[in-house]
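Whatever position you read off the sequence shown (first residue = 1), add 16 for the numbering used here. Note sheet for the following structure.
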Amino acid sequence: MKKQILRTCIFIMSFNIFTATIKSDDKFSTLMEQNKQREKQFNEDKKKIEQAIKETEEELKKKEQEREKNKNEQIYTQELIENNTQQQNVIYDEIEQLDIEIGSIEGEIQELDNQIISIEEEILGLESKIKQKEYDIEVIKKELKQAEIDRDNHYEEMKDRMVRMYKNNRSGYVEIIFSSDNLLELLNRSHYINIISNLDQNILNNLRKAQKFIVDNKKKLEIQLYELEKLKDQELEKKSTVYSKINDKESKITEREKNQEQKRAKINQLETNKDILNDYLEELEDEDIDLITEQAILSEEIKELIRQSQVKFDEALFTWPVPGWTYISSDYAPRINPVLNIQEFHQGIDIPATYGTPVVAAAQGRVIVAGWVNGFGYTIMIDHGDGLVSLYGHNSTLNVKAGDYVKAGQQVAGIGSTGYSTGNHSHFEVRVNGKHTSPWPFLGMEE
Ligand SMILES: [Zn+2]
17 MKKQILRTCI FIMSFNIFTA TIKSDDKFST LMEQNKQREK QFNEDKKKIE
67 QAIKETEEEL KKKEQEREKN KNEQIYTQEL IENNTQQQNV IYDEIEQLDI
117 EIGSIEGEIQ ELDNQIISIE EEILGLESKI KQKEYDIEVI KKELKQAEID
167 RDNHYEEMKD RMVRMYKNNR SGYVEIIFSS DNLLELLNRS HYINIISNLD
217 QNILNNLRKA QKFIVDNKKK LEIQLYELEK LKDQELEKKS TVYSKINDKE
267 SKITEREKNQ EQKRAKINQL ETNKDILNDY LEELEDEDID LITEQAILSE
317 EIKELIRQSQ VKFDEALFTW PVPGWTYISS DYAPRINPVL NIQEFHQGID
367 IPATYGTPVV AAAQGRVIVA GWVNGFGYTI MIDHGDGLVS LYGHNSTLNV
417 KAGDYVKAGQ QVAGIGSTGY STGNHSHFEV RVNGKHTSPW PFLGMEE
């Protein structure tokens, strides 16, 4: 575009700073050197950012591994809790079974208790029977005693009678009587006694009756006593059997209750363990939430670092100050001033555009001039730092004021023809440490 430059800019160099002769090549190489330095710094910074990304990504990976570990731990803990619950259920079933068994044994004991009550009633009845029997026996014994006395009396009476018969010598059977060893033998030899007179017969009969009564009743008495003892023994045995059964049942209950107690203790232990496991699980879940938060923070950091790493160095280049208008009517070069018709050096580039077209900041910086400057008309000057300043002349309007900070591409003015100018255009000029220099390298183009 430089080849088609029309030297139509009417521009009077009215300031001393613009009249100095500049060796633009020297300035350019200084700038290029500075640019190289900046680029070097930029690349170093970029490497650092990339390293930081790598490290942050590794950290993120570690967090992921921690979460994986945490998740496995959670699964394992949940399995333990499930196992614990199953164990508890089994024990609860066992306790229920024991309850049923105890209930059934208690029923059996109740039954045995009833049996004991009935046996005790039987024994009571038996005891009154025994008392009655003992009384009866006592009566029989008395009767026996009386009978023995009667018998002995009868015997004495008979002996007496016989002795009297012997003295009268009326019979020959006395030696028979006295040769008998005792009374029983005498009675057995009764056929001899048939001869005894009718009078004597009565006495003998009484004697016989008494003796028979005694023998019979003694036998009866013995049988009754024996039966009584047997009955008593049977009842006692029965009672003792029932008591022993009750003892068995009670010891069974005790055993089951002990078993239950052990199981309840086990349940308590399991409950405690479960509480501990649940607390641990909650801790793990909290930890996971923390890890997720940390991951989110790290991801944001990575995003920010990536954004930083994607920044390109050519951002250091200037933005074209009149977007859409690239025709250059007068270049940065020596020329004949069209108004004064004298040799001069044109210190900027002239970019014609229609009235009001936006003029934008070539780069970010601080506005140091926003007002009327003799010759340039309404002018904007922006300080970009490092002694670099851009200038925009001949504007019709100004959009910013001195002191404002502007971004690259931000509208700062509108195209006009104020100051020494013959038509609507922007005079764009670059200064380094107060001296003008070719804008082209800053615009990314060769001169
Ligand atoms: Zn100009």
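Think of the CB as a built atom: it goes at the ideal place given N, C-alpha and C, for glycine as much as any other residue. Please read these numbers as outputs of a predicted model, since none were measured by experiment.
{"Check": "Taking the C-alpha atoms as reference points, what is the distance between E301 and E98?", "Outcome": "17 Å"}
{"Check": "Beta-carbon separation of S345 and P368 under 8 Å?", "Outcome": "yes"}
{"Check": "Suppose the cutoff is 7 Å on Cβ atoms and the five residues either side in sequence are ignored; what does the same chain contact list for K39 look like?", "Outcome": "Below a pLDDT of 50, predicted positions are generally treated as unreliable, and K39, at 35, falls in that range; the measurement from the model is reported next regardless. Excluding positions up to five away in sequence, the list is empty."}
{"Check": "Determine the direct distance from the alpha carbon of R272 to that of I118, and round the result to whole angstroms.", "Outcome": "7 Å"}
{"Check": "Would you say G364 touches ligand 1, meaning its beta carbon is less than 7 Å from a heavy atom?", "Outcome": "yes"}
{"Check": "Going by the CB atoms, is the gap between G403 and N357 shorter than 8 Å?", "Outcome": "no"}
{"Check": "Which residue spans inside the region 401-442 form an unbroken beta strand (DSSP E) run of at least 3?", "Outcome": "404-411 and 427-430"}
{"Check": "Looking at R382: is its Cβ nearer than 8 Å to the Cβ of D399?", "Outcome": "yes"}
{"Check": "Quick one: does the C-beta of H443 sit closer than 7 Å to a heavy atom of ligand 1?", "Outcome": "yes"}
{"Check": "Less than 8 Å between the C-beta atoms of E251 and I153, yes or no?", "Outcome": "no"}
{"Check": "May I ask whether a heavy atom of ligand 1 can be found less than 7 Å away from the beta carbon of S346?", "Outcome": "yes"}
{"Check": "Can you tell me whether DSSP reads A68 as helix, strand or coil?", "Outcome": "helix"}
{"Check": "Given a threshold of 16 other Cβ atoms within 10 Å of its Cβ, counted over all protein chains shown, does Y348 qualify as buried or as exposed?", "Outcome": "buried"}
{"Check": "From the DSSP output, read off the bridge partner residues of P374.", "Outcome": "G430"}
{"Check": "When the Cα atoms are used, what is the spatial distance from Q311 to D61?", "Outcome": "25 Å"}
{"Check": "Secondary structure at P350, three-state DSSP: helix, strand or coil?", "Outcome": "strand"}
{"Check": "Within 10 angstroms of the Cβ of I396, are there 16 or more other Cβ atoms? Answer buried if so, exposed if not.", "Outcome": "buried"}
{"Check": "I'd like to confirm the pairing. Which residues does DSSP put opposite Y394 in its beta bridges?", "Outcome": "W388 and N411"}
{"Check": "Out of curiosity, what's the CA-to-CA distance linking I146 and T257?", "Outcome": "22 Å"}
{"Check": "Helix, strand or coil for Q278? Go by DSSP, reduced to three states.", "Outcome": "helix"}
{"Check": "Could you check which residue in V405, I313 and G419 has the C-alpha nearest to that of F458?", "Outcome": "V405"}
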